[in-house]
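Reading through the structure tokens given below for one structure.
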Amino acid sequence: MSPMESTAQRPVAVNAPVTDLDPYADAVLDDPYPHYERLRELGPIFYLSRYDAYGLARHAEIDAVLRDPATFCSSAGVGLANFHTTAAWRKPSIILEVDPPMHARTRKVVAGLLAPASINKLRPTFEQQAERLVDALLQQGGQIDAVPALCEAYPLKVFADAVGIPAQGRETYLLPYGDMVFNAFGPVNERFQACLAKAQQGAIEWIGEVCKRENLTPDGLGMQLYQAADEGLLAPDEAPMLVRTLLSAGLDTTVFTLCNAVLSFARHPDQWALVHANPALARQALEEVLRYESTFHSFYRTTTRDVDIAGVQMAPEQKICVLIGSANRDPRRWGETADRFDVTRRAAGNMAFGTGIHGCAGQMIARLEGETLLTVLARRVKAIHLEGAPSMHYNNSVRGYTRMPVRLVAA
Amino acid sequence: MPTITYVQPSGERQTVPADAGATVMLTAIAHGIGGIVAECGGAAMCATCHVYLDPASAALVAPVSEVENEMLESAASGRRENSRLSCQIVVPAGDHDIIVHVPSHQV
């Protein structure tokens, strides 16, 4: 079967509001929030007719589905294609796209590696690198394209160093690789095909090479995965696969989170003034960025049995699109100010990293990166001016930018 | 109705009503209790809802699971024998008061 063919089974009868909205259209990705509001108002569940999938856009239903992996599984793939009912056109992830009990074994190793106690020793290095980067940008006058100069540069340095891969090639290959992986969490559309073609021009090969044991630093996260395999906690061939997972899951997402942070603060100078006045707010402010401009917007779960969601019955092997970017704006959860960017809000518990057993295992290192960079910016930069329209980076599941001209005004 | 008493490092005590089946973390958030951060929202992934369960309440709740046990190693204020993640403590039905001690810091 060609990967372009729709693999979903249309339910015999759809007993839910039907919408022909394409959540992946450029025009929707440009500003998804009004569309999300309409989807939430359709009801607790709706049907995406273009993709033969149900959709959830409210916080409560999404939370319930993500916390019930026995009923709403990941092993059929977290993209639109169902790997149970059709031949998988790509190799499923050995941590993201497996179910219990297999999942727990791999998860335990990766979660331990990325738990706060393990990553806290990285904090001084991250802080130093953040200071070095921000100082250099300010010394050059602060007139920058924030995407490459700040939002890409920082994770490409600190996270890739933490994993322990060689420096050469990072800028060229790491981000296109992650871009392909995240595009695969949606439909196999033209956007994905173009991205795959780009990744095939060296990125996939390069990633395979840097994940080999001999190319990793002796004390990095990557080498620790090989050591876990030595101890029998992972199969030998799983170590390089999980190093690759760290690189694919951990770069583009943090880059885009930082893009969303810079843009949100450029557009809301009053909120930056609060963080500048009190840099200790940085971590909480980052959480509000994650809620307000969710890095991750949607992915899928698949039913394992006959199930009823809000009165809508569906059969096993039914794909359900989970719009977490909408859950993060749901006034049922966040109140009437859900659409307001407010760093004083208690935004913890937002869905940007998902939740449940497949919740992002790297969320604490992502927070550490965001907090350390925002803290330095808060101390050194009194204002962030947008100097032109930012250019959207279109991807099927994550949202960020390719260009963002800004001026950082030194404090 | 079950209640939960949160004891702050200062000794301040706040007793709030709780729903059976809710968690000690979610109840804290709903009542604006300080010192329970819960960054990951209750997925046992951040260890920022760490509390010390009062010995008097130990028999009321289910023991530490394997996942919770692993994550407790990351508790910022130091793990003790009675350390728990409050997102993993489910409130039992009945007229019990669960007493937890909030640590000095979570990050």
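Those protein sequences? They're chains A and B, same order as listed. For the first sequence, position 40 matches number 45 in my numbering, and the numbering has no gaps at all. For the second sequence, position 105 matches number 1097 in my numbering, and the numbering has no gaps at all. Think of the CB as a built atom: it goes at the ideal place given N, C-alpha and C, for glycine as much as any other residue. In this text, all values refer to a predicted model and were calculated from it rather than measured experimentally.
Cα-Cα separation, residue i to residue j
| i | j | result |
| --- | --- | --- |
| R43/A | F301/A | 19 Å |
| G405/A | V348/A | 20 Å |
| A65/A | D1011/B | 18 Å |
| A1085/B | G1026/B | 25 Å |
| V414/A | R385/A | 8 Å |
| R229/A | A315/A | Residue 229/A is actually Gln in this sequence, not Arg. Their Cα atoms are separated by approximately 44 Å. |
| Y297/A | N333/A | 7 Å |
| N194/A | Y1044/B | 51 Å |
| L53/A | A282/A | 45 Å |
| S98/A | V248/A | 12 Å |
| D25/A | V317/A | 18 Å |
| N188/A | T258/A | 12 Å |
| C156/A | F261/A | 7 Å |
| P39/A | A394/A | 20 Å |
| P245/A | R45/A | 41 Å |
| S80/A | A165/A | 28 Å |
| F304/A | F358/A | 12 Å |
| T5/A | V163/A | Here chain A has residues from 6 to 416 only, and residue 5/A is not among them. |
| T222/A | S123/A | 17 Å |
| A202/A | D344/A | 37 Å |
Start-to-end residues for the beta strand (DSSP E) that takes in residue i
| i | result |
| --- | --- |
| V1092/B | 1089-1093 |
| F88/A | That residue, F88/A, is in no beta strand (DSSP E); it is neither H nor E in DSSP. |
| G405/A | 405-408 |
| G60/A | 58-61 |
| T356/A | First, the amino acid is wrong: residue 356/A is Met here, not Thr. Here M356/A belongs to no beta strand (DSSP E), and DSSP marks it neither H nor E. |
| F51/A | 51-53 |
| L1077/B | 1075-1077 |
| M993/B | No beta strand (DSSP E) holds M993/B; DSSP gives it neither H nor E. |
Per DSSP, the bridge partner or partners of residue i
| i | result |
| --- | --- |
| V1099/B | Looking at the DSSP assignment, V1099/B forms no beta bridge with any residue, so it has no partner. |
| Y29/A | Beta-bridge pairing links Y29/A to no other residue. |
| Y998/B | Q1006/B, V1092/B |
| A415/A | V386/A |
| F77/A | T308/A |
| M397/A | Y406/A |
| T24/A | L53/A |
| V1082/B | T1015/B |
| L391/A | V411/A |
Residue i - containing alpha helix (DSSP H), residue span
| i | result |
| --- | --- |
| K113/A | 107-118 |
| R45/A | 38-47 |
| E243/A | 243-255 |
| L226/A | 226-235 |
| V280/A | 274-282 |
Beta-carbon separation (whole angstroms), residue i vs residue j, contact threshold 8 Å
| i | j | result |
| --- | --- | --- |
| Q1098/B | H1042/B | 6 Å |
| L127/A | I325/A | No, L127/A and I325/A are not in contact; Cβ-Cβ is about 36 Å, not under 8 Å. |
| L226/A | A320/A | The Cβ separation is near 41 Å, so there is no contact. |
| T309/A | T76/A | 6 Å |
| P160/A | E374/A | 6 Å |
| P192/A | Y56/A | 6 Å |
Please specify which runs of the alpha helix (DSSP H), each continuous and at least 4 residues long, are wholly inside the segment 286-344 of chain A, giving them in chain order.
287-297, 329-332, 336-339
Along the chain, which unbroken stretches of the beta strand (DSSP E) at least 3 residues long are found entirely within the segment 1016-1056 of chain B?
1042-1045
Tell me the start and end of each unbroken alpha helix (DSSP H) in the segment 127-215 of chain A that is at least 4 residues and wholly inside, in chain order.
128-144, 158-168, 180-188, 195-204, 208-215
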